[in-house]
Each structure stands twice: as C-alpha cells, then as structure tokens.
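For reference, each letter of the sequence shown is one residue, going 294 to 762 in the numbering used here. From the three backbone atoms N, C-alpha and C, an ideal C-beta is built for every residue, glycine too. Remember, it's a predicted structure, so these values are computed and weren't measured experimentally. What follows is a short report on a single structure.
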Amino acid sequence: MEITDLSATELCNQIQMKQLSPVEVMNAYLERIEQENKKWNAYVTMNDQALDEAKKAEDVLMKGESVGALHGIPIAIKDLTPTEGIVTTYGSPVFKDFVPNYEPTFLKRVKSAGAIVIGKTNTPEFGHKGTTDNPLFGTTKNPWDETLTPGGSSGGSAAAVAGKLAPFAEGSDGGGSIRIPASLTGTFGFKPTFGVVPHDGNLKNVFGSQHPYLHNGPMTRTVEDAVLLFSVMRGYAEDDPDSAPITEKHEIKALKDIKIAYTPNFGLFEISHDVLSVIQKACKNFTDLGCQVEEVNIDLGLSKRDLLRTFSGLWCVSYATNYGDLYDAQPESFSDNLAKMIAVGRKITAVDYKRLDWNRTKVWNAIQQLFQEYDYIVSPTLATTAFDHQFAGPSVINGKEVNPVNDWMLTQAYNLTGHPAASLPVGLTEAGLPVGLQIASKKFADNELLQLCKQYEHAFETYISPPNV
Numbered sequence: 294m295e296i297t298d299l300s301a302t303e304l305c306n307q308i309q310m311k312q313l314s315p316v317e318v319m320n321a322y323l324e325r326i327e328q329e330n331k332k333w334n335a336y337v338t339m340n341d342q343a344l345d346e347a348k349k350a351e352d353v354l355m356k357g358e359s360v361g362a363l364h365g366i367p368i369a370i371k372d373l374t375p376t377e378g379i380v381t382t383y384g385s386p387v388f389k390d391f392v393p394n395y396e397p398t399f400l401k402r403v404k405s406a407g408a409i410v411i412g413k414t415n416t417p418e419f420g421h422k423g424t425t426d427n428p429l430f431g432t433t434k435n436p437w438d439e440t441l442t443p444g445g446s447s448g449g450s451a452a453a454v455a456g457k458l459a460p461f462a463e464g465s466d467g468g469g470s471i472r473i474p475a476s477l478t479g480t481f482g483f484k485p486t487f488g489v490v491p492h493d494g495n496l497k498n499v500f501g502s503q504h505p506y507l508h509n510g511p512m513t514r515t516v517e518d519a520v521l522l523f524s525v526m527r528g529y530a531e532d533d534p535d536s537a538p539i540t541e542k543h544e545i546k547a548l549k550d551i552k553i554a555y556t557p558n559f560g561l562f563e564i565s566h567d568v569l570s571v572i573q574k575a576c577k578n579f580t581d582l583g584c585q586v587e588e589v590n591i592d593l594g595l596s597k598r599d600l601l602r603t604f605s606g607l608w609c610v611s612y613a614t615n616y617g618d619l620y621d622a623q624p625e626s627f628s629d630n631l632a633k634m635i636a637v638g639r640k641i642t643a644v645d646y647k648r649l650d651w652n653r654t655k656v657w658n659a660i661q662q663l664f665q666e667y668d669y670i671v672s673p674t675l676a677t678t679a680f681d682h683q684f685a686g687p688s689v690i691n692g693k694e695v696n697p698v699n700d701w702m703l704t705q706a707y708n709l710t711g712h713p714a715a716s717l718p719v720g721l722t723e724a725g726l727p728v729g730l731q732i733a734s735k736k737f738a739d740n741e742l743l744q745l746c747k748q749y750e751h752a753f754e755t756y757i758s759p760p761n762v
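Laid out in structure tokens, this is it:
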C-alpha cells in the first residue's frame, strides 16, 4: 500500500507513532501531484514552502515536543479561501496575482493543529456555479472519468481527494458546493450547521455569509477523516458575528431508536432512475441497521421554480453587491454567466429582495416540521451522476427536459435554512459511477449526523477508489 492510499487518520497515527515522517508523507503527495494533476487539474497553485514546513514538522516530532491532532498532514485548500502568503485567485483574472496577508479562523486552527497547506484547488469564478472551470485555469476533470465533471464549486478539492492527491481537503458550500462534488466523485462531504465553523474570510462584509448561508467543511475519503478535520475547524470565533459556540444539545441515539424521513425528490425534482435505485438500496441498508425509515411527502410550500428563483435571487444580489464594482472596472475579466448574474442582481429591488425571505421561511417551516417527528431527512444528493464537463448540467433526465443549470441539485434548501447536511457515498450505478446520499439533521446535531454516517460506513462499503487511481 502506498502512502497516498492511507486515510488521513491513519497518516496521523503513523506520524505520531514515528512510523512515517511528515517529509515522507509530503514527498509522496508532491510526487503524485507532479505525475497526476495534469490529468484532472485539481490544483491551480502549490505551496512552495510545503516541503520546508514538513521538515520543520519532522524536527518538532523528533525533539519529542507535543504536537497537534493534524501534525504533518497535507491539506488541500479551495481557491476561494484566503491563504496568507499563498496566491488566492477566487478563480478570477481580477485576483490572478493576489496574495492575502490574512486567512480565516478555521484555517488558522487547522494549521495550528499541525496540518500543512499543500496547495490551492480549482473553483469557478467566485464559486458561482455547480461545475468547476474558470478563465484562469480551465476545467477540472473527474478522476472517475476525465470526460466528466467533478461538480462544483469545490470541484478541485473533490478531485484532489478522490484522485489521492490529498488525504483531505477543505470546501465551501453556499448551495451544495461541498455536497455536489462529493456525490459526483464518490467522496464524503460535510456542510456543518451554519455558524459552527466560523466563516470570517471576507473582511469587507462580515455579514455576507447569511444570504444564503455559507459554510466551510471537510471533504474526505472516509467519515472518520471528516470527524477528525471537523473537530479542529469548529468552534466560536469573535470575528464572526454568526459564529456559534460548541454545544451538544442532542444525545446520540441507538440505531433502533433513530427515525429517518426519506424523500426521493422533495416533491419537486426528476431523479434519474439509476440514481434512485442506489438511493433506495441505501435506505434499505439503514433499515437493516435497525433504523426506522419512512418515505414522506415533503411540501416545501413552493414550486420548484419559486424555490430555485429564491435561491438564485439571493445569490445574484450577493454577486452584484460584492463584485459589481469590480465588474464595472474590468468587465472583460468576467465570464458571461457571472456578468448575467450581476445584471440580474442589480435589477432586484430592496423590497423584492427582502420578500425572498418569505419563501425562505416556508422552506424553514417545512423542514422544521419534519424534524419534530424525525431525526434525519435523507434524499439523493443529486438527480444525476457525473456528466460531460463541457455542460452546466443534464438537459434531459428520464426522457424529460430539465433546466441544466440547477434542476439536478437537491442541495439548496439546506443553505436557505442552515441545517447540517452531508453527502455520503452509497454505491455505484450500473454504469459504474458513484451516487451520494444526502443526510440532514437538526441544527447543532452535527456530531450525531457524523456518527450515523460513520456507522453506515462501518457496516457497508462507502468509499470506492476510482478505476486506475
């Protein structure tokens, strides 16, 4: 077994037991990135100091000094996340040479725990869509099949993890951007309860993570690795006005006492038959574990059109607010799609913008009502498996026309509400492509959700390495 085959948790154990050195681990990943990254375009910028930092980590270890929980482990960081001293482009030509002198609290915690940033991973401009390409660095490919997309906007991080170019990675999620690529690459992605992991990387607008809710979280090959990384990322931060203290309001139930609500499509979406078959098998697996699984009819109080227009309206206003001035100064640096979103956002009045909260409240009430009776809500993460990376999404599912931009994502509702949600890999279709099961829980029941995913992972095959990886 190669070093890059080991989980992050196994690497941590072997480093701290001095069975592996941080330098050996870093060299193994740097060599693999050198060989394989050109196929998938997961990384766009490398940390030139990574090997020197690994040598320092090794010196600390050999001196017998105390070390953190992630000591010497390489981590991939999404290029939307500011990294002090390392170029951060946000996927935009406007920032192609930008080197921040600051970084968010969660990243400081990860580095303080001993992790080493190995590089920055690809993302669409300012994370504006569910696939990954941009004018600076081009397209990221899926390690399962290089003609397919890994999704987005954390597509580079997902490709790095699935392709064993990083033991784990960080992603951000404002509409599914952790869960979408996790589902399409057969990895595990976790969006915590809003506020549990501080989101304070935008110094200009500290309230900008509310509309819709933006989350940072782990992207890993195993649930155990996500638990490890999340334990370091979480916790109150004074600089984030929405930051939540660590509280555990819920007891971890025995599997036989867990009630799961299963919705195949939220009553709105067309789901590919091959995806649904894998999801239904996963629900049976939960029943075999002893959980009570009941199919439910969810009424979000909105049509699919109104749900998606609410979500996209919030985002268009956000982009117009944050990047409109940059667009006016350098319109040639923006893609047509992002320029259209800015234009739409500028046309939405303040009154119409605040009325979107009425629809958001309907979604909140519907989800909360289900959580009065059930502990978890499960669904497909996406309506489809990975598709051609040249497209925004599928235009036809089960012979029916759908909007390729967002009709295939079942993720946005939880960014309107802030509930924690994960995408757990639960199997392959007959065509051999991975499918993710979306699992959501009550707010602040993050540990309970992760524990349930971990129990499923121990009982059934979850992570499967892509062919030829």
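- Item | For A273, the residue or residues it bridges with in DSSP | No information on residue 273 is available, as it lies outside the stretch 294 to 762 that the chain covers here.
- Residue span of the beta strand (DSSP E) that contains S465, given as start and end: Reading the sequence shown from its first residue, position 172 is the one you call residue 465. For S465, the uninterrupted beta strand (DSSP E) segment begins and ends at F461 to D466.
- Message: Buried or exposed for A301, going by 16 or more other Cβ atoms inside 10 Å?
- Response: Position 8 of the sequence shown, counted from the start, is the residue given in the question as residue 301. Around the beta-carbon of A301, 16 or more other beta-carbon atoms lie within 10 Å, marking it buried.
- First and last residue of the alpha helix (DSSP H) that includes Y646? Here the question's residue 646 lines up with position 353 in the sequence shown. Note, Y646: alpha helix (DSSP H), A643 to F664.
- Query: Within 8 Å: the Cβ of L548 and any heavy atom of the ligand ZN?
  - Reply: The ligand ZN is absent from the structure shown, which contains no ligand whatsoever.
- Query: Is it true that the region 705 to 714 meets the region 563 to 582, where meeting means three or more beta-carbon pairs spaced less than 8 Å apart?
  - Reply: Because the criterion of three Cβ pairs below 8 Å is not met, the region 705 to 714 and the region 563 to 582 do not touch.
- Task: Name the residue from K311, I757 and S596 whose alpha carbon lies nearest to the alpha carbon of R653.
- Result: By one-based count along the sequence shown, residue 653 stands at place 360. Ranking the options by Cα distance to R653, first place goes to S596.
- Status (buried if at least 16 other CB within 10 Å, exposed otherwise) for G449: Here residue 449 is taken as the residue at index 156 of the sequence shown, counted from 1. Buried, since its Cβ has 16 or more Cβ neighbours within 10 Å.
- In chain order, which continuous runs of the beta strand (DSSP E) of length 3 or greater are located wholly inside the region 663 to 740? The region 663 to 740 contains these whole beta strand (DSSP E) runs: 669 to 673, 714 to 721 and 727 to 734.
- Query: In this structure, does DSSP put L745 in helix, strand or coil?
  - Reply: Indexing the sequence shown from 1 puts residue 745 at position 452. When DSSP states are grouped into helix, strand and coil, L745 belongs to the helix group.
- Item | Spatially closest choice to K349 from Q623, E625 and I409, by CA coordinates | Your numbering for residue 349 matches position 56 in the sequence shown. Ranking Q623, E625 and I409 by Cα distance to K349 puts I409 first.
- Which word fits N435, buried or exposed, when buried means at least 16 other C-beta atoms lie within 10 angstroms of its C-beta? The residue you call residue 435 lines up with position 142 of the sequence shown. Counting C-beta atoms within 10 angstroms of its own C-beta, N435 has 16 or more neighbours from the protein chains shown and is therefore classed as buried.
- Task: Go ahead and pull the three-state DSSP assignment for N495.
- Result: Taking the first residue of the sequence shown as 1, we reach residue 495 at position 202. Coil, per DSSP.
- Range of the contiguous alpha helix (DSSP H) that encloses V765: Absent from the structure is residue 765, since the part of the chain shown begins at 294 and ends at 762.
- Query: Within 10 angstroms of its Cβ, does Y667 collect 16 or more other Cβ (buried), or is it exposed?
  - Reply: On the sequence shown, position 374 is the one that residue 667 refers to. Buried, because 16 or more other Cβ atoms sit within 10 Å of the Cβ of Y667.
- Item | alpha helix (DSSP H) segments (min. 4 residues) lying fully within the region 357 to 425 | Scanning the region 357 to 425 from its first residue to its last, the whole alpha helix (DSSP H) runs of 4-plus residues come out as 398 to 405.
- Message: Tell me the rounded alpha-carbon separation between G431 and E625.
- Response: Counting from one through the sequence shown, the residue named residue 431 turns up at place 138. Counting from one through the sequence shown, the residue named residue 625 turns up at place 332. Rounded to whole angstroms, G431 to E625 spans 16 Å at the Cα level.
- Run through DSSP, which three-state label would D599 get? Within the sequence shown, the letter at position 306 stands for residue 599. Here DSSP, grouped into helix, strand and coil, assigns D599 to helix.
- Task: For V490, name the three-state secondary structure that DSSP assigns.
- Result: Taking the first residue of the sequence shown as 1, we reach residue 490 at position 197. Coil, per DSSP.
- Name the two residues that bound the continuous alpha helix (DSSP H) containing T478. For the purposes of this step, residue 478 is identified with residue 185 of the sequence shown, where counting begins at 1. Its alpha helix (DSSP H) spans residues R472 to T478.
- Using DSSP with H/G/I as helix, E/B as strand and the rest coil, what is F500? Counting from one through the sequence shown, the residue named residue 500 turns up at place 207. Three-state result, F500: coil.
- Residue of T398, G420 and D535 minimising C-alpha distance to G494: Locating residue 494 in the sequence shown gives position 201, where the first residue counts as 1. It is T398.
- Just reading off the alpha helix (DSSP H) that Y506 is part of, what are its end residues? Your numbering for residue 506 matches position 213 in the sequence shown. Looking at the DSSP string, Y506 is not in any alpha helix (DSSP H), and its letter there is neither H nor E.
- Task: Could you spell out the range, first to last residue, of the beta strand (DSSP E) harbouring P336?
- Result: To locate residue 336, count along the sequence shown from 1; it is residue 43. According to the sequence as given, residue 336 is Tyr; it is not Pro. Y336 to M339 is the span of the beta strand (DSSP E), which, as asked, contains Y336.
- Message: Could you give the first and the last residue of the continuous alpha helix (DSSP H) run that contains G638?
- Response: As a position in the sequence shown, residue 638 is number 345, starting the count at 1. Start and end: D629 to K640.
- Message: Using DSSP's beta-bridge definition, name the partner residues of G528.
- Response: As a working note, residue 528 is residue 235 in the sequence shown. DSSP, once it has assigned bridges, lists no residue as partnering G528.
- Query: So which of L548, T540 and V499 has the shortest CA-CA distance to D532?
  - Reply: Taking the sequence shown and counting its residues from 1, the one referred to as residue 532 is at position 239. Out of L548, T540 and V499, V499 has the C-alpha closest to the C-alpha of D532.
- Query: Is it right to say T540 is buried, meaning 16 or more other beta carbons lie within 10 angstroms of its own, or is it exposed?
  - Reply: Residue numbering aside, residue 540 sits at position 247 when the sequence shown is read from its first letter. Exposed is the call here.
- Query: Between L400 and K693, what straight-line distance do the alpha-carbon atoms span, to the nearest angstrom?
  - Reply: As a first step, residue 400 is located in the sequence shown; it is residue number 107 there, counting from the start. As a first step, residue 693 is located in the sequence shown; it is residue number 400 there, counting from the start. Cα to Cα, L400 sits roughly 43 Å from K693.
- Determine contact between the region 450 to 461 and the region 679 to 690, defined as no fewer than three beta-carbon pairs at a distance below 8 Å. Here the region 450 to 461 makes no contact with the region 679 to 690; the two share fewer than three CB pairs at distances below 8 Å.
- Message: Measuring only the C-alpha atoms, how far is K331 from Q731?
- Response: Counted from its first residue, the sequence shown places residue 331 at position 38. Counted from its first residue, the sequence shown places residue 731 at position 438. In this model, K331 and Q731 are separated by some 31 Å (Cα to Cα).
- Query: When the Cα atoms are used, what is the spatial distance from S758 to A455?
  - Reply: Here the question's residue 758 lines up with position 465 in the sequence shown. Here the question's residue 455 lines up with position 162 in the sequence shown. Rounded to the nearest whole angstrom, the CA to CA distance from S758 to A455 is 7 Å.
- Query: From S628, E317, P505 and A475, pick the residue whose C-alpha is nearest to that of V656; which is it?
  - Reply: Here residue 656 refers to the residue found at position 363 when the sequence shown is read from its first residue. Of the listed residues, the one whose Cα sits closest to V656 is P505.
- Check whether the region 406 to 423 touches the region 380 to 394, taking contact to mean three or more Cβ pairs, one atom from each stretch, closer than 8 Å. Segments in contact, yes.
- Task: Check whether the region 515 to 531 touches the region 298 to 315, counting contact only when three or more Cβ pairs, one atom from each stretch, lie closer than 8 Å.
- Result: Judged by Cβ distances under 8 Å, the region 515 to 531 makes contact with the region 298 to 315, as three or more pairs qualify.
- Message: Can you give me the C-alpha to C-alpha distance between L721 and Q748, rounded to a whole angstrom?
- Response: Sequence index remark: in the sequence shown, residue 721 carries index 428 (1-based). Sequence index remark: in the sequence shown, residue 748 carries index 455 (1-based). Take the alpha-carbon of L721 and the one of Q748: they are about 19 Å apart.
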